[in-house]
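Trainee:
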């Protein structure tokens, strides 16, 4: 049984790693051609493999007890615990994220929602001493891009 599962997993991996470059057919939607030779700058002249692109980090990492230390947040952003992740955040040496100072607010007494069609979701604003889980029904939140699933 294990051998069969291994064979199926190996076949699935080979099916998804399709060759590209050298003017071969383009990669499937949602994938990009990554050169097999890091020195290749023209995929019409070298071989590559179709792969999903690495997820783009929407927010710079900051804080936490990491070595070397992470750079300071850019002007117009503030280092806060990442409200998209459970736990105690930077207090437990986890990295935070640089949240834009002008990020849309949500929740609160009026129940504001994130801008329609923005792809943003409402998260409890960390480090504001207001906890919706502990009687803070009117806590203001912040609209952020959700973590990739």
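Residue numbers (mature numbering (1 follows the signal peptide of the UniProt record, and there is no 0)): -17 to -1, 1 to 132. Think of the CB as a built atom: it goes at the ideal place given N, C-alpha and C, for glycine as much as any other residue.
(1) Three or more C-beta pairs closer than 8 Å, one from the segment 80 to 90 and one from the segment 40 to 56: is that the case here?
(2) Please work out which residues of its chain come closer than 7 Å, Cβ to Cβ, to residue 72, disregarding the five sequence neighbours upstream and downstream, and give them in chain order.
(3) Using the rule of at least 16 other Cβ atoms within 10 Å of the residue's Cβ for burial, across every protein chain shown, is residue 125 buried or exposed?
(4) Pair every Cβ in the segment 41 to 52 with every Cβ in the segment 89 to 101, then say whether three or more of these pairs are closer than 8 Å.
(5) In this structure, does DSSP put residue 129 in helix, strand or coil?
(6) Assign residue 75 to buried or exposed, taking buried as 16 or more other Cβ atoms, counted over all protein chains shown, within 10 Å of its Cβ.
(7) Looking only at DSSP bridge pairs, what is residue 23 linked to?
(8) Go ahead and pull the three-state DSSP assignment for residue 4.
(9) I'd like the list of long-range same chain contacts for residue 35, defined as Cβ closer than 7 Å, with 5 residues on each side in sequence excluded.
(10) Who are the near neighbours of residue 20 in its chain, counting only those whose CB is closer than 6 Å to its CB and skipping five residues on each side?
(11) Going by C-alpha to C-alpha distance, which of 60, 127, 46 and -1 sits closest to residue 88?
(12) For residue 130, count neighbouring C-beta atoms within 10 Å of its own C-beta (all shown protein chains included) and say buried if the count is 16 or more, exposed if not.
(13) Looking only at its chain, what residues have a beta carbon closer than 8 Å to the beta carbon of residue 9, apart from the 5 residues adjacent to it on each side?
Mentor: Well, looking at it:
(1) yes
(2) The residue given as residue 72 occupies position 89 in the chain shown. Closer than 7 Å at the Cβ level, and outside the excluded window around residue 72, lie 64, 65, 79 and 109.
(3) Counting from 1 along the chain shown, the entry for residue 125 is found at position 142. Classification of residue 125: buried, given that the 10 Å Cβ count is 16 or more.
(4) no
(5) If you number the chain shown from 1, residue 129 lands on position 146. DSSP places residue 129 in coil when its eight states are reduced to three.
(6) On the chain shown, residue 75 is found 92 positions in, with the first residue counted as 1. So residue 75 ends up on the exposed side.
(7) If you number the chain shown from 1, residue 23 lands on position 40. DSSP, once it has assigned bridges, lists no residue as partnering residue 23.
(8) Translated into the one-based positions of the chain shown, residue 4 becomes position 21. Strand at residue 4.
(9) The count along the chain shown starts at 1 and reaches residue 35 at position 52. Contacts found: 13 and 14.
(10) The sequence position of residue 20 within the chain shown is 37, counting from 1. Result list for residue 20: 29, in chain order.
(11) On the chain shown, position 105 is the one that residue 88 refers to. The option with the nearest alpha carbon to residue 88 is 127.
(12) In the chain shown, counting from the first residue as 1, residue 130 sits at position 147. It is exposed - the Cβ of residue 130 has fewer than 16 other Cβ atoms within 10 Å.
(13) Reading the chain shown from its first residue, position 26 is the one you call residue 9. So the qualifying residues of the chain are 3 and 16.
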